[in-house]
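To start, the structure itself, in structure tokens.
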Amino acid sequence: MQHQSLSTSIGLLMFVAFSTVFAQVPFPGQCPEVKIMDTFDLDAYMGIWYEHSKYPFAFEIGKKCIYASYENVDNSTVSVVNAAINRFTGNPTNVTGTAKVLAPAQLAVTFSKNRLYLFVIFIAFCVCLPSF
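Rendered as structure tokens:
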């Protein structure tokens with residue numbers, strides 16, 4: 027009976043540990059209500075975007091020089107490549123996906139058939155970079 031209790035405890039601990047691996051960073055309180063952009067320009071979003079700061083994400087553990095590349099396939103489809111360099115081996119790594127345009131500022135992104143599904147909503151924000 028003691029063995030079963032220990033196995034149950036270990037199983038529960040592993041479940042909690044693994045279920046938090048893909049969790050976002052928790053904050054107290056409610057999420058703010060955000061306004062979806064009225065004038066989102068998908069063509070301006072195309073190209074390579076390098077990561078400046080982030081929340082933890084499983085694909086990015088042990089990675090550096092992380093970027094995403096977006097390319098128009100047609101009016102309703104965007105090719106997505108998330109890429110990085112492995113910090114330990116120096117080898118490049120990437121994952122390729124497809125984004126379907128659901129609305130002017132909404133994309134549904136999939137990476138392989140059973141791997142990952144993201145729902146992206148573009149919101150109005152300001153990116154302020156220093157000029158040199």
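Residues in the sequence shown are numbered from 27 upward in steps of one, following this note's numbering. Note that CB positions come from ideal geometry on N, CA and C, so glycine has one too. The structure presented is a predicted model; accordingly, all values stated were derived computationally and were not measured.
- Proximity to Glu-97 across Asp-64, Lys-126, Val-60 and Pro-58 peaks at Lys-126, based on C-alpha coordinates.
- Across the structure, Cys-57 and Met-72 are spaced so that their CA atoms are roughly 28 Å apart.
- Along the length of the stretch 51-103, whole alpha helix (DSSP H) runs at least 4 residues long occupy 68-71, reported in chain order.
- Inter-segment contact for the stretch 103-123 and the stretch 85-95 is present: three or more beta-carbon pairs are separated by less than 8 Å.
- Cβ contact annotation for Lys-80 (same chain, cutoff 6 Å, sequence separation greater than five): none.
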